[in-house]
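As given, the protein sequences belong to chains C and R, one line each in that order.
Under the numbering used here, the very last position in the first sequence is 175; numbers go up by exactly one each time.
Under the numbering used here, the very last position in the second sequence is 278; numbers go up by exactly one each time.
Note that CB positions come from ideal geometry on N, CA and C, so glycine has one too.
Values in this document were obtained by computation on a predicted structure and should not be read as measured data.
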Amino acid sequence: MCPCNDNLKNIMMYQFCAIDLNLYLDNFPEDKNAREDYSKVSCKLTSLIHEYEKEHGPLTNFGSAFVEEPNIWVNQPWPWENYE
Amino acid sequence: MWYYVKTLEYPINLKCKDLNMAKYLITQYGGPDGELGAALRYLDQRYTMPTGKSKALLTDIGTEEMAHVEMIATMVHQLMENATIDELKKAGLGGNYADHRKALFYTDATGNPCPLKLRHFKPALPLVYL
């Protein structure tokens with residue numbers, strides 16, 4: 092899966108940010124700034140994923156993608172594969 | 149329940165075949181302090197944690213560790229993907245090739261299988277885990 096696609100690169104950046112904020116909030120669930128950031132980041136991430144999936148197919152499966160498309164799921168490159 | 153997301157946690161695209169690096173890196177996959185061991189330990193320890201905070205933390209860190217497992221696997225795979233059998237032999241990976249071909253394998257840098265048992269802390273106390 093090629094992160095040279097700008098939308099996917101953005102998704103990965105927001106994912107990374109959401110993971111760290113989530114882990115921080117597990118420890119400090121009352122931190123107001125972090126809660127606001129987490130909420131903004133999650134919201135942005137959800138809309139980026141929605142946009143991306145409409146154009147390029149699902150990034151996740153088992154019924155949890157915005158767009159389910161079994162052919163694309165199977166045939167698109169996998170994250171561990173080299174890209175140009 | 150878990151879901152797979154078809155991205156890496158951080159982008160990886162290694163084009164430089166490097167078997168020596170692959171040989172060392174494999175310990176971060178399946179060695180005593182590797183990502184697999186860490187992921188399984190966190191996910192194992194969460195069941196008996198006394199507080200919601202520690203259950204949440206171990207669930208979430210354990211889940212993230214699985215993304216680390218995938219990144220290390222990706223690096224090792226890409227570093228050895230285009231190697232010939234002779235090159236693998238020269239790098240001391242001939243035995244690995246005989247056992248696993250070029251498949252990934254949970255071992256340390258010298259080929260010992262993932263020693264999970266050794267890394268379980270005793271006594272099984274939440275404070276010791278954390």
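(message) Measuring alpha carbon to alpha carbon, tell me which residue in C/Thr137, C/Gln167, C/Glu172, C/Tyr115 is nearest C/Ser155.
(response) C/Thr137
(message) Please identify the residue among C/Cys134, C/Pro168, C/Ser133 whose C-alpha is closest to the C-alpha of C/Leu185.
(response) Residue 185 of chain C is absent from the model: chain C starts at 92 and stops at 175.
(request) Report the neighbours of C/Thr151 on chain R: residues whose CB is nearer than 8 Å to its CB, in chain order. (result) Tyr151, Tyr152, Val153, Lys154
(request) Kindly list the residues whose CB is nearer than 7 Å to the CB of R/Ile220, restricted to its own chain and excluding five residues on each side of it in sequence; keep chain order. (result) Leu173, Gln176, Tyr177, Glu183
(request) Taking only beta carbons into account, state which residues of the segment 93-109 of chain C come closer than 8 Å to chain R, listed in chain order. (result) Pro94, Leu99, Lys100, Ile102, Met103, Gln106, Phe107
(request) Please name the residues in the segment 218-243 of chain R whose beta-carbon is closer than 8 Å to at least one beta-carbon of chain C, in chain order. (result) Glu218, Ala221, Thr222, His225, Gln226, Glu229
(request) Could you tell me which chain C residues have their CB closer than 9 Å to the CB of R/Lys171, listed as they occur along the chain? (result) Simply none; closest approach about 18 Å.
(message) Could you check whether the Cβ of R/Glu212 sits closer than 8 Å to any Cβ belonging to chain C?
(response) yes
(message) I'd like to know whether the C-beta of C/Tyr174 is nearer than 8 Å to at least one C-beta of chain R.
(response) yes
(request) Spell out the partners DSSP gives R/Pro261 in its beta bridges. (result) R/Thr255
(message) If I follow the unbroken alpha helix (DSSP H) through R/Glu202, where does it start and stop?
(response) The displayed chain sequence assigns Ser, not Glu, to residue 202 of chain R. Looking at the DSSP string, the run of the alpha helix (DSSP H) that includes R/Ser202 is 200-228.
(request) Mind checking which residues open and close the alpha helix (DSSP H) that includes C/Pro161? (result) 161-166
(message) Do R/Thr207 and C/Ile102 have their beta-carbon atoms positioned less than 8 Å apart in this structure?
(response) no
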